[in-house]
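Residue numbers in the sequence shown follow UniProt numbering, run continuously in steps of one, and reach 71 at the last position.
Heads up, the beta-carbon is just placed ideally off N, CA and C, and yes, glycines get one too.
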Amino acid sequence: MIGVRDSARELPLEIGIDEAALVRTIEQAIASGGVVSLTDVKGDRVLVPAAAIAYVQIARKSDRRVGFAVS
Numbered sequence: 001m002i003g004v005r006d007s008a009r010e011l012p013l014e015i016g017i018d019e020a021a022l023v024r025t026i027e028q029a030i031a032s033g034g035v036v037s038l039t040d041v042k043g044d045r046v047l048v049p050a051a052a053i054a055y056v057q058i059a060r061k062s063d064r065r066v067g068f069a070v071s
């Protein structure tokens, strides 16, 4: 999830790259003052000016559980 400055909404993204690659991409864009370009698993592309990024939340992928738990 990417928080954008002066925006009430975050950009929720499910992307197909690992955490280290994501961090490198964002760090490089911030260092160069460029744009972060990410493509989600559906093929949609998001471009965010690095200067507009307020925060990035990286969530670990969790197993989806279906059904009922037995105690």
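- In the DSSP annotation of this structure, the continuous segment of the beta strand (DSSP E) that includes Leu-38 starts and ends at 35-39.
- In chain order, Met-1 place their CB closer than 7 Å to the CB of Pro-12, counting only its own chain and leaving out the 5 sequence neighbours on each side.
- Approximately 7 Å separates the beta-carbon atoms of Ala-51 and Gly-33; this is inside 8 Å, confirming the contact.
- Judged by DSSP in its simplified three-state form, Leu-13 adopts coil rather than helix or strand.
- A Cβ-Cβ separation of about 13 Å leaves Ile-26 out of contact with Val-4 under the 8 Å criterion.
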